[in-house]
Amino acid sequence: MLEFLQYDFIIRALLAGSILGLALPILGLFLVVKRYSNLADTLSHVSLVAVLASLITGLAALPVTILTTVSVSLGIEKFRQSQKIYGETALAIVLSGSLGLTAILISATKQGNTQLFNFLFGGLNFVNQTDLIQLYIVVPIVLFTLLFIRKQLLIISLDEELATAEGLPVKLINNLFIALCAIVISLGITAVGVLLLSTLMVIPVVSAQLFKQGLAATVLISTTLSLLSIWSGIIFSFYFNIATGGLIVMINLLFFTIGIVWQNFHK
Amino acid sequence: MNSSILSAENLSFKYGEETVLENLNFQFIDPSFCVLTGPNGAGKTTLIRIITGIEKNYSGALEVFGVPANKFVNKGELAYLPQRLNQTSLSLPTTVNDILNSNLFKTDDIEWVENIINKLNIKELNNKLISQLSVGQRQRVWLARSLIAKPKLIILDEPVSGVDNINQAEFYEILENLFNLNISIILVSHELEAVAKSANLVWCLNRKLIIHKSIDQFTHSNDFEETYGKNHVHLDHKH
Numbered sequence: 001m002l003e004f005l006q007y008d009f010i011i012r013a014l015l016a017g018s019i020l021g022l023a024l025p026i027l028g029l030f031l032v033v034k035r036y037s038n039l040a041d042t043l044s045h046v047s048l049v050a051v052l053a054s055l056i057t058g059l060a061a062l063p064v065t066i067l068t069t070v071s072v073s074l075g076i077e078k079f080r081q082s083q084k085i086y087g088e089t090a091l092a093i094v095l096s097g098s099l100g101l102t103a104i105l106i107s108a109t110k111q112g113n114t115q116l117f118n119f120l121f122g123g124l125n126f127v128n129q130t131d132l133i134q135l136y137i138v139v140p141i142v143l144f145t146l147l148f149i150r151k152q153l154l155i156i157s158l159d160e161e162l163a164t165a166e167g168l169p170v171k172l173i174n175n176l177f178i179a180l181c182a183i184v185i186s187l188g189i190t191a192v193g194v195l196l197l198s199t200l201m202v203i204p205v206v207s208a209q210l211f212k213q214g215l216a217a218t219v220l221i222s223t224t225l226s227l228l229s230i231w232s233g234i235i236f237s238f239y240f241n242i243a244t245g246g247l248i249v250m251i252n253l254l255f256f257t258i259g260i261v262w263q264n265f266h267k
Numbered sequence: 001m002n003s004s005i006l007s008a009e010n011l012s013f014k015y016g017e018e019t020v021l022e023n024l025n026f027q028f029i030d031p032s033f034c035v036l037t038g039p040n041g042a043g044k045t046t047l048i049r050i051i052t053g054i055e056k057n058y059s060g061a062l063e064v065f066g067v068p069a070n071k072f073v074n075k076g077e078l079a080y081l082p083q084r085l086n087q088t089s090l091s092l093p094t095t096v097n098d099i100l101n102s103n104l105f106k107t108d109d110i111e112w113v114e115n116i117i118n119k120l121n122i123k124e125l126n127n128k129l130i131s132q133l134s135v136g137q138r139q140r141v142w143l144a145r146s147l148i149a150k151p152k153l154i155i156l157d158e159p160v161s162g163v164d165n166i167n168q169a170e171f172y173e174i175l176e177n178l179f180n181l182n183i184s185i186i187l188v189s190h191e192l193e194a195v196a197k198s199a200n201l202v203w204c205l206n207r208k209l210i211i212h213k214s215i216d217q218f219t220h221s222n223d224f225e226e227t228y229g230k231n232h233v234h235l236d237h238k239h
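The structure is reproduced here in structure tokens:
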């Protein structure tokens with residue numbers, strides 16, 4: 001019954017999926033609190049552009065992707081802070097730009113369709129040793145940093161002006177947080193692809209919110225849902241031979257639907 | 001004691017071409033209970049945003065705890081309750097505990113924190129979501145949070161708007177108690193009568209600032225008529 005565990009690629013998929021499945025909803029929770037969840041989608045597409053560009057130029061993918069995504073994320077944050085343009089509007093502009101660039105780069109690249117499909121819809125089964133090592137070194141550092149700034153980040157996410165009045169380093173913490181998101185997204189793009197990055201940062205959090213709990217319980221519920229969706233997605237896609245990424249998204253939507261039904265029975 | 005917490009010299013603020021505050025001069029002595037009043041759009045919130053360091057582009061001089069307001073770093077001595085807090089965070093997964101926790105790193109004095117939680121009567125709300133509370137309860141939670149760091153001055157921007165009468169009275173009583181603990185208060189409010197007993201300073205702001213020593217003095221002055229119009233009915237307070 002557990003024959004899937006005989007395959008190294010499944011083990012690697014489960015390991016990569018687990019650490020991202022843990023980190024993405026936790027980062028996503030603060031994005032949802034900030035009413036800024038579109039950031040996940042936009043930064044994923046920026047990462048995609050950077051990965052494609054590094055494939056064409058032959059530069060090392062990870063440094064190029066992290067550098068690009070972090071710089072763009074800080075640029076978006078600067079726009080938002082200047083209050084000359086709404087955060088959501090800045091995200092929409094960058095999203096259009098990165099999709100446009102993606103189209104151009106795809107037409108210029110000689111990469112096969114499979115690799116492209118993986119970057120877009122998830123290639124968990126193609127995660128290699130190097131991806132895994134990078135994930136397990138960087139993501140714990142990101143989560144530890146987040147743990148360290150969580151209280152300040154909460155109050156900044158709830159009300160930036162109050163946080164400013166209370167003497168918190170609002171700009172610094174906002175920039176740090178958005179850079180942490182950009183780093184995890186850059187690492188995740190080759191492993192889980194654009195679709196899963198934005199899904200796992202938002203849907204498990206929104207599903208967990210339906211249970212109307214506090215921060216700690218919401219973190220627990222959302223990461224549990226996220227991990228369950230990834231594990232079951234990988235296993236079912238192995239047995240039924242369907243796209244892992246797509247299946248994981250559908251499982252997350254199933255959890256959300258169950259949450260809505262549960263909520264209606266507990267009114 | 002009796003030190004000057006705020007002092008302004010020719011403090012002015014322009015929003016584009018429009019002058020919002022014009023040559024304000026004042027000393028705010030510790031401890032004081034000040035009601036900041038004036039018509040809508042008179043610059044009350046702007047003045048508070050300058051004092052709290054949110055708005056830095058003012059002209060003239062303003063010192064907050066002896067430091068220029070645009071360089072002041074708040075270590076907890078100044079607490080602020082913005083008006084909007086009641087509307088924020090309604091759909092968010094935050095309990096009363098989460099809100100209080102977000103300020104707990106500023107103090108080691110657990111006894112003081114427990115004291116606040118008891119005095120403000122929010123102990124039994126601990127595990128409730130902010131969205132499940134009434135407006136009055138929510139306001140008490142935010143006030144408790146702001147008191148955790150033992151502030152010397154607390155600024156409240158129309159804290160009881162949307163709160164029913166009984167809870168308003170309760171809230172004002174809490175403010176009186178805080179003032180008795182030597183915590184200075186700046187309360188932005190139109191409801192002068194409710195705090196007539198405790199307030200010992202009235203700032204009437206309408207681009208310019210006029211200072212009165214008591215609410216009685218203010219309501220019987222020409223400034224009151226000029227601020228609120230001649231048809232305003234006086235409700236005299238019996239002591």
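Chains X and Z are the protein sequences, given in the same order. Each residue of the first sequence is one higher than the last, beginning at 1 in this note's numbering. Each residue of the second sequence is one higher than the last, beginning at 1 in this note's numbering. Virtual Cβ for every residue (Gly too), placed ideally from N, Cα, C. If you're wondering where the values come from, they're calculated on a predicted model, not measured in any experiment.
Worksheet item: Among the residues of its own chain, which have a CB less than 6 Å from the CB of X:S222, if the five just before and after it don't count?
Response: Reading the first sequence from its first residue, position 222 is the one you call residue 222 of chain X. Around X:S222: P25, P204, V205 and A208.
Discussion item. Between X:T218, X:F211 and X:L200, which has its C-alpha nearest X:G245's C-alpha?
Written reply: For this step, residue 245 of chain X is matched to residue 245 along the first sequence. With distances taken between Cα atoms, X:G245 lies closest to X:L200.
Discussion item. Give me, in chain order, the residues of the same chain whose beta-carbon lies closer than 8 Å to that of X:A108; leave out the 5 immediate sequence neighbours on both sides.
Written reply: The residue labelled residue 108 of chain X in the question sits at position 108 within the first sequence. The residues are I56.
Worksheet entry | Proximity winner among Z:I29, Z:L147 and Z:F65, relative to Z:N115 (alpha-carbon distances) | Taking the second sequence and counting its residues from 1, the one referred to as residue 115 of chain Z is at position 115. Nearest option by C-alpha distance: Z:L147.
Worksheet item: Per DSSP, Z:N261 is paired with what?
Response: For residue 261 of chain Z there is no data in the structure shown, the boundaries of chain Z being 1 and 239.
Worksheet item: On the premise that Z:L129 lies in contact with X:K212, defined as a C-beta separation below 8 Å, what is that separation, rounded to the nearest angstrom?
Response: Translated into the one-based positions of the first sequence, residue 212 of chain X becomes position 212. Translated into the one-based positions of the second sequence, residue 129 of chain Z becomes position 129. That pair is a contact at about 6 Å.
Discussion item. Is the beta carbon of Z:V188 closer than 9 Å to that of Z:Q83?
Written reply: Residue numbering aside, residue 83 of chain Z sits at position 83 when the second sequence is read from its first letter. Residue numbering aside, residue 188 of chain Z sits at position 188 when the second sequence is read from its first letter. It is a contact, given that the beta carbons lie within the stated cut-off.
Fill in: Residue of Z:I51, Z:L92, Z:N165 and Z:G60 minimising C-alpha distance to X:D159
If you number the first sequence from 1, residue 159 of chain X lands on position 159. Of the listed residues, the one whose Cα sits closest to X:D159 is Z:L92.
Discussion item. Please identify, using Cβ separations under 9 Å, the residues of the region 162-175 of chain X that lie next to chain Z, in order along the chain.
Written reply: L162, T164, A165, E166, G167 and L168
Practice prompt. Name, in chain order, the residues that DSSP records as bridge partners for Z:E193.
Written response: What you label residue 193 of chain Z is simply residue 193 of the second sequence in a count that begins at 1. Answer is none; Z:E193 lacks a bridge partner.
Practice prompt. Within its chain, find whatever has a CB closer than 7 Å to the CB of Z:N206; leave out the 5 residues flanking it on each side and keep chain order.
Written response: Here residue 206 of chain Z corresponds to residue number 206 of the second sequence, with the count starting at 1. These residues qualify, in order along the chain: G38, P39, A42 and T227.
Worksheet item: X:V33 versus chain Z: which residues are under 9 Å apart at the beta carbon?
Response: Working through the first sequence from its first residue, we reach residue 33 of chain X at position 33. Result: S89, L92, P93 and T94.
Fill in: Of the residues X:L153, X:S18 and X:T224, the one placed nearest X:F255, counting alpha carbons only
Here residue 255 of chain X corresponds to residue number 255 of the first sequence, with the count starting at 1. Comparing Cα-Cα distances from X:F255 to each of X:L153, X:S18 and X:T224, the minimum goes to X:T224.
Item to complete: Note down, in chain order, each residue of its chain lying with its Cβ closer than 6 Å to the Cβ of X:L220, except the 5 sequence neighbours on either side.
Response: Counting from 1 along the first sequence, the entry for residue 220 of chain X is found at position 220. There are no such residues.
Practice prompt. Pull up the distance between the alpha-carbon of X:I183 and that of X:V170, whole angstroms please.
Written response: What you label residue 183 of chain X is simply residue 183 of the first sequence in a count that begins at 1. What you label residue 170 of chain X is simply residue 170 of the first sequence in a count that begins at 1. Their backbone Cα atoms lie some 20 Å apart in a straight line.
Worksheet item: From Z:L21 to Z:G60, what does the alpha carbon distance come to, in whole angstroms?
Response: The residue labelled residue 21 of chain Z in the question sits at position 21 within the second sequence. The residue labelled residue 60 of chain Z in the question sits at position 60 within the second sequence. Taking the straight line joining both Cα atoms gives about 11 Å.
Practice prompt. Find out if the Cβ-Cβ distance for the pair Z:V141, Z:I155 is shorter than 9 Å.
Written response: Residue numbering aside, residue 141 of chain Z sits at position 141 when the second sequence is read from its first letter. Residue numbering aside, residue 155 of chain Z sits at position 155 when the second sequence is read from its first letter. No, they are not a contact pair.
Discussion item. Using a Cβ-Cβ cutoff of 7 Å, what residues of the region 136-155 of chain X are near chain Z? List them in chain order.
Written reply: K151, L154 and I155
Worksheet item: Given 8 Å as the limit, is there contact between the region 52-67 of chain Z and the region 5-21 of chain Z, that is, 3 or more CB pairs closer than that?
Response: yes
Worksheet item: Are the C-beta of Z:G76 and some C-beta of chain X separated by less than 9 Å?
Response: Taking the second sequence and counting its residues from 1, one reaches residue 76 of chain Z at position 76. Answer yes: the Cβ-Cβ gap between Z:G76 and chain X drops below 9 Å somewhere.
Fill in: Cβ neighbour criterion (16 or more within 10 Å) applied to X:K78
For this step, residue 78 of chain X is matched to residue 78 along the first sequence. Exposed, by the Cβ-count rule.
Worksheet item: In chain X, which residues lie with their C-beta within 8 Å of the C-beta of Z:Y80?
Response: Here residue 80 of chain Z refers to the residue found at position 80 when the second sequence is read from its first residue. Residues of chain X passing the Cβ test: L162, A165 and E166.
Practice prompt. Would you be able to state if there are at least three C-beta pairs under 8 Å between the region 47-61 of chain X and the region 229-236 of chain X?
Written response: no
Worksheet item: Would DSSP call Z:K14 helix, strand or coil?
Response: Taking the second sequence and counting its residues from 1, one reaches residue 14 of chain Z at position 14. Three-state result, Z:K14: strand.
Worksheet item: How would you list, in chain order, the residues of chain Z whose beta-carbon sits under 7 Å from the beta-carbon of X:Q209?
Response: Mapped onto the first sequence, residue 209 of chain X falls at position 209. Under the 7 Å cutoff, chain Z gives P93.
Worksheet item: What does X:G214 touch in chain Z if you count any residue whose Cβ is under 8 Å from its own?
Response: Numbered from 1 along the first sequence, position 214 holds the residue referred to as residue 214 of chain X. Those are P93, T94, T95, N97, D98, N127 and L129, listed as they occur along chain Z.
Discussion item. Tell me the DSSP secondary structure of Z:G136 in three-state form.
Written reply: Here residue 136 of chain Z refers to the residue found at position 136 when the second sequence is read from its first residue. Helix.
Item to complete: Quick one: using the 10 Å Cβ neighbour count with 16 as the cut-off for buried, is X:H266 buried or exposed?
Response: On the first sequence, residue 266 of chain X is found 266 positions in, with the first residue counted as 1. Burial call: exposed.
Item to complete: With a 10 Å radius around its C-beta and 16 neighbouring C-beta atoms as the bar for buried, classify X:S96 as buried or exposed.
Response: What you label residue 96 of chain X is simply residue 96 of the first sequence in a count that begins at 1. With fewer than 16 Cβ atoms within 10 Å of its Cβ, X:S96 is classed as exposed.
Discussion item. I'd like to know whether the C-beta atoms of X:N175 and X:L43 end up nearer to each other than 9 Å.
Written reply: Taking the first residue of the first sequence as position 1, residue 175 of chain X is located at position 175. Taking the first residue of the first sequence as position 1, residue 43 of chain X is located at position 43. No. Outside cutoff.
Worksheet entry | Residues of its chain near Z:L24, where Cβ-Cβ distance is below 6 Å and the 5 sequence neighbours each way are ignored | On the second sequence, residue 24 of chain Z is found 24 positions in, with the first residue counted as 1. Within the same chain, Z:L24 has close Cβ partners A8, L11 and L209.
Fill in: Integer Cβ distance of Z:F105 from Z:I50, believed to fall under 8 Å
Start at 1 with the first residue of the second sequence, and residue 105 of chain Z comes out as number 105. Start at 1 with the first residue of the second sequence, and residue 50 of chain Z comes out as number 50. With a Cβ gap of about 27 Å, Z:F105 and Z:I50 do not count as contacting.
Discussion item. Rounded to the nearest angstrom, what separates Z:D236 and Z:Q217 at their Cα positions?
Written reply: Within the second sequence, residue 236 of chain Z is the residue found at index 236, counting from 1. Within the second sequence, residue 217 of chain Z is the residue found at index 217, counting from 1. Residue confidence for Z:D236 is low, a pLDDT of 49 falling below 50, so the modelled location carries little weight; the figure read from the coordinates is stated next. If you take the alpha carbons of Z:D236 and Z:Q217, they lie about 11 Å apart.
Fill in: Among X:G188, X:A243, X:G28 and X:G214, nearest to X:V46 - alpha-carbon criterion
Position 46 of the first sequence holds residue 46 of chain X. When each option's Cα is compared against that of X:V46, the closest is X:G188.
Worksheet item: Listed from N- to C-terminal order along the chain, which residues in the region 145-176 of chain Z have their beta-carbon within a distance smaller than 7 Å of any beta-carbon of chain X?
Response: none
Worksheet item: From X:I260 to X:L210, what distance separates their C-alpha atoms?
Response: Counting from one through the first sequence, the residue named residue 260 of chain X turns up at place 260. Counting from one through the first sequence, the residue named residue 210 of chain X turns up at place 210. Each residue's alpha carbon lies about 7 Å from the other.
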